[in-house]
Each structure stands twice: as structure tokens, then as C-alpha cells.
Amino acid sequence: MVNKELFMAMKMLEKEKGIPLETLCEGIQKALVTAIKRDYNNKDIVFCELDPETDSMRVFVRKNVVSEIVDPDEDITVEQAQKYKPNAMVGDIIEIELETKEVSRIAADKGKHVIRQGIREAEHGRLREELESHNQEIVTAKVSRVDPETRDAVVEIGKTQETLFRSEQIPNETLVPGMLIKVYIAGVADGKDDRRGPRATISRTHPGLVKRLFESEVPEIYDGTVEIKSVSREAGSRTKIAVYSADPNVDAVGACIGPRGSRVGKIVDMLYGEKIDIVKYSENPAEFIAASLAPADVVSVTVDENGEKSCKVIVPDIQLSLAIGNKGQNARLAAKLTGWKIDIKPESGKDEPTLVI
């Protein structure tokens, strides 16, 4: 059975869409066999062979040659078998080709379905590769539209569209169609069970966004001289970032701030004025915790010896509100940055309970 149009379409897809011809042939074979098996009570006696070299296709059933028919779907008498194979005898297995118009119709129908599916899967595959190549990275997105009620925004990333939910937008920022913004791809779902294909989770509130912005703006971070150890963030308000350099000649904090604050200033502008505290990381927990509470000064840090990652911090009385921050924000971000539970007390009342974050 020859079907030049079907093979021509498959070869064109292989060339233009990069879909392997073998994959398309396997899909059509499977679809054809599944459809025709229904006429044989779904028994595994139907087979299909496609040959792209000759643009030909064979669809046939295999039957057992018997002296007495037990199963009409699987068995055939010697007399019937000899119409297809003159020397057929009991015990042989013969192949009976199906060359009816109905088979051709099914082939064309299933072929179109498989080709459409192949195109969709190929496009999903390319999209998946593109998104995964940017996973945990920042990309530039163009705002396409904004829902007036939910404020969720649909943005264009390359050839795909993703939803930037209001909860993932920086508080108080206003997005409008046509605006170019930086978004962080926090994760990618393969979308194999979704006709829409792979989907990306995008965010402007994720700490990873700030980390990647520093990597792009600070050459010393990009080349590995300065390392970002941790980031804690309350998007739209304040971020703390801990940095470190193994090179004693490199000031990690200064490198991130840049000449006259140019580097950190550029990032602050991209985040609409979000405050950024850059602190020096230390392997010494007490030193790191003290630095994390900047801009407040710290008198002492006493680490709990029980290994529960909790500590008591003493600050000057006049620095207490600064150490704690507005609604506890400074202390809260410091705790997230260091991974330690912090008990802050004023120097004059160090034995009095104050604030534990």
C-alpha cells in the first residue's frame, strides 16, 4: 500500500521541525494497529510496517492455520489459507494483508493525528529545553496584558507566555502592557500531561532574583572571586545579602557596593528602591550574626552551647530599635540570612526578655 502524501508530510516535518522520522512512523504504526485491532476483539494479531525508503506501508493480520477453527479472529482453515499461501498447511502462521479503502482511510486519519501530536510534542520539547536552560536564572520579559481585577500579568518570555501572579510581583509596583521587566524562573514543569506544554514558575519576589542581579552587575561575583553565601528578602522593602571572598586582597562588600555605590545602586533602581544591606559572611557564627544585624551596632553575641543554633545578642540601648527594625523586619531578615534564632536585648536590660526572632 503506497501513501506518498503521508510520507511526504512526515519527511517535511523531520526537516522543518526536527521530529525524527522514526518517531513519526512508530506513532502511526501504533495508532493504526490500535484502531484496526478493534475489528478483531483487540487481539494482538494486527501488525503494521512502514518503509520510508519506498513510501510503502503494510497492514496485515497473522493467523494460525488449523484443521478446525476455534477462534475465528486468530484461526484460519487450510483451504482458506491456501488462497494467500498455496502450500499452506496445518501449523503454519500466515500473514493476510489488509488493503481495503477502509484501511487507507484509517491510515490517513491516524496519520494526521500522529503528525499533529508530533508537531505539538516537538514544539513542547523545544520550549522545555529553552525554559530549563534558564531555570534558576533571570530573563527579560515583556508585559503583554494585566488583569484589571486580580492584577495578575501575562508576560512574554521568548516565544512563550507565562503568568506573573500578583503574589509574585513586587508590592506597590504597577505593571503596564509593553513594559520590560526582569523575572526569575523559579522552576519548570515538563507539562507532559498538559496540552499547553511545559510551564515556568516566574517571580519578582524570589531571593534568587536579587542574587542573579548581583551576579550580572558585579564582575567579582561572576568570575568567582566573591561568593554570595545567602540572601534573605522581603520583596519591595528590604533585602540582606551575605558575601565572602577567599582572597584577602578583595573586599567582598566593597566590590558589591561598587564605586560610589554604583553597582548596588543600579540594582536598587531595578527593584524600585528596595533597600539592600550587604554584609560580610564569616565562618564564625558570632561575627556573622553581628554583621547580619547591620546597620545596628552589636555589643556582643553569645552562642547557645547546646547546638540549637540560637544566640543572645546585646546591643546599645539607643540601637535597639534599629537592630529590631520596623515591625521586627531587620531582626527577622538577619535570622533568615544566618539561619540562627536571635534573642536581642538592650545593654542596660540584658537580663530582661525583649525580642526573639
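Under numbering that gives the first Met the number 0, the first residue of the sequence shown is numbered 0, with each subsequent residue one higher. The C-beta atom is built at its ideal place from N, Cα and C for all residues, glycine as well. Since the structure is predicted, the reported quantities are computational estimates derived from the model, not experimental observations.
Spanning the alpha carbons of ILE343 and ASP303 requires a straight line of approximately 13 Å. If you draw a 10 Å sphere on the C-beta of ALA245, you find fewer than 16 other C-beta atoms in it, and that means exposed. Around the beta-carbon of PRO170, fewer than 16 other beta-carbon atoms lie within 10 Å, marking it exposed. In the three-state DSSP reduction, GLU167 falls in the helix class (H, G or I). For GLU48, the uninterrupted beta strand (DSSP E) run begins and ends at 45-50, by DSSP. Cβ-Cβ distances below 6 Å link ARG144 to VAL153, PRO176 in the same chain, with the five nearest sequence neighbours on each side left out; the list follows chain order. Of the candidates LYS84, PHE46, VAL65, ASP70, the residue whose Cα lies closest to the Cα of PHE59 is PHE46.
THR200 and ARG331 have their C-alpha atoms some 26 Å from each other. DSSP lists VAL242 as the beta-bridge partner residues of ILE227.
In the DSSP assignment, PRO345 forms a beta bridge with VAL314.
The alpha-carbon separation between PRO345 and VAL300 amounts to approximately 12 Å. Secondary-structure assignment with DSSP links LEU179 through a beta bridge to LYS141. SER55 has its alpha-carbon roughly 13 Å from the corresponding atom of ILE27. Considering only ILE277, GLU25, ILE317, the residue with the shortest C-alpha distance to TYR243 is ILE277. Across the structure, LEU292 and THR149 are spaced so that their CA atoms are roughly 36 Å apart.
The count of Cβ pairs closer than 8 Å, one atom from the region 69-77 and one from the region 37-46, reaches three, so the stretches are in contact. For MET56, the pairing in a beta bridge is given by DSSP as LEU49.
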